[in-house]
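Student: Here it is, the structure, as structure tokens.
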């Protein structure tokens, strides 16, 4: 299997502070993630002044501000993007950002970002989907809140706009922060793969790291997970995000699972365990001293380690024959 792509989702957990944004890059790089992902938007382009905040956004922000006011504080400028792209290169991690409006798509295209990420909220946004298809070389699509038909419709729009289907990866996702475990429905990821013929992955909003690790075992090509510097910071996403050490542990666990499922599928002794065969397996041995010519039977034979003698599966072929020599107790039988 190819390497699982791990996206460390910084999102807006920088709180509009470039120093914090760089720290987030540091954390993602040190954890071993492939990408660190931010969000690109102009608040006025994506939400009206009357739009309400989601429940999870309310839990981490002031009651006295609108969604527009909250988002305005979390914008990154063009120069911020340039600085972060340059810093990611220095830290040897790839920069990624989700554009939330048409102008932001243009900006990322101008910055020569090759991989595009479509957020769950725009999977039904036809003009957006078309522009994404024409602006990037590959696309990752989050499918939170969508049913299978809506995902298929989005794929058709993207392919019709010129993006080859083989360049698409659909992430199964639930947009509730945090996602209840009994709402994850991880098998839906496999349904997307088998029904729509696309690469799949999982964008996780549960607490902890168990579900993304399970997704890798079930065939995810991409894993995306939010992380933060401190879950107690003010902001909409901190509380459902991993801490730096948790992110590092998740990446390590995914790489371990990746190795564990990368075998041939042929059931045979592995290279590492072959040396254990003569130690752990057993052979037919003398249960008591046996004289030459004596009949071998279950009265004078038994099975013990090591496994360097006659295989006990040949028990009935040995029983009924005569000893070809004297055997001491526990001596390997030869016939």
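In this note's numbering, the protein residues as written are 23 to 357.
Positions of the beta carbon are idealized from the N, C-alpha and C atoms, including for glycine.
All figures in this text were calculated on a predicted structure; none of them were measured in a lab.
Roughly how many angstroms separate the alpha carbons of residue 157 and residue 293, rounded to a whole number?
Tutor: Approximately 47 Å, taken between the alpha carbons.
Student: Helix, strand or coil: which one does DSSP assign to residue 8?
Tutor: The requested residue 8 is not part of the displayed model; the chain covers only 23 to 357.
Student: So the candidates are 264, 64 and 334; which of them puts its Cα closest to the Cα of residue 89?
Tutor: Residue 64 is the option with its Cα nearest to residue 89.
Student: Just the Cα atoms here: how many angstroms apart are residue 201 and residue 258?
Tutor: Going by the C-alpha atoms only, they are around 14 Å apart.
Student: Distance check for residue 326 and residue 49, CA to CA, integer angstroms please.
Tutor: Whole-angstrom Cα-Cα distance: 54 Å.
Student: So, at 6 Å on beta carbons, what are the nonlocal neighbours of residue 233 in its own chain, with the 5 sequence-adjacent residues on each side left out?
Tutor: Within the same chain, residue 233 has close Cβ partners 206 and 226.
Student: In angstroms with no decimal places, state the Cα-to-Cα distance between residue 220 and residue 212.
Tutor: When rounded, the distance between both Cα atoms is 10 Å.
Student: Check the DSSP bridge columns for residue 159 and list the partner residues they point to.
Tutor: BP columns for residue 159 are empty, so no partner.
Student: In the structure shown, what three-state DSSP assignment does residue 252 receive?
Tutor: Of the three classes helix, strand and coil, the one that applies to residue 252 here is coil, per DSSP.
Student: For the beta strand (DSSP E) that residue 306 lies in, which residues bound it at each end?
Tutor: Run containing residue 306: 305-308, per the beta strand (DSSP E) assignment.
Student: Can you give the beta carbon distance from residue 181 to residue 222, rounded, assuming they're within the 8 Å contact cut?
Tutor: About 16 Å; that fails the 8 Å criterion.
Student: Kindly give me the distance between the Cβ atoms of residue 312 and residue 345, rounded to whole angstroms, as I take these residues to be in contact under 8 Å.
Tutor: The pair is a contact, with the Cβ atoms about 5 Å apart (cut-off 8 Å).
Student: Determine the DSSP secondary structure at residue 98, reduced to helix, strand or coil.
Tutor: Note: residue 98 maps to coil in three-state DSSP.
Student: Would you give the residue range spanned by the beta strand (DSSP E) that residue 199 belongs to?
Tutor: Taken as a continuous stretch (DSSP letters only), residue 199 belongs to no beta strand (DSSP E), as it is neither H nor E.
Student: Smallest Cα separation from residue 224: which of 240, 217 and 218?
Tutor: Taking only the C-alpha atoms, the option nearest residue 224 is 240.
Student: Once the 5 residues before and after residue 96 are set aside, which same chain residues still bring their CB inside 6 Å of it?
Tutor: Cβ neighbours of residue 96 beyond the five flanking positions: 34 and 38.
Student: So what does residue 325 bridge to, in DSSP terms?
Tutor: DSSP lists 306 as partners of residue 325.
Student: Going by beta carbon distance, what residues of the same chain come within less than 7 Å of residue 172, once the five residues before and after it are set aside?
Tutor: Hits under 7 Å: 145 and 146.
Student: Nearest-angstrom Cα distance between residue 342 and residue 24?
Tutor: Rounded to whole angstroms, residue 342 to residue 24 spans 55 Å at the Cα level.
Student: Please specify which runs of the beta strand (DSSP E), each continuous and at least 3 residues long, are wholly inside the stretch 202-227, giving them in chain order.
Tutor: Segments of the beta strand (DSSP E) lying fully in the stretch 202-227: 221-226.
Student: Check whether the stretch 281-299 touches the stretch 307-321, counting contact only when three or more Cβ pairs, one atom from each stretch, lie closer than 8 Å.
Tutor: No: the two stretches stay apart, fewer than three of their Cβ pairs being nearer than 8 Å.
Student: Evaluate residue 164 with the Cβ neighbour count: other Cβ atoms within 10 Å of its Cβ, from every protein chain shown; 16 or more gives buried, anything less gives exposed.
Tutor: Counting Cβ neighbours within 10 Å, residue 164 comes out buried, since at least 16 surround it.
Student: Decide if residue 41 is buried, meaning its Cβ has at least 16 other Cβ atoms within 10 Å, or exposed.
Tutor: So residue 41 counts as exposed.
Student: So what does DSSP say about residue 272, is it helix, strand or coil?
Tutor: Helix.
Student: What three-state label does DSSP hand residue 267 in the structure shown?
Tutor: Helix.
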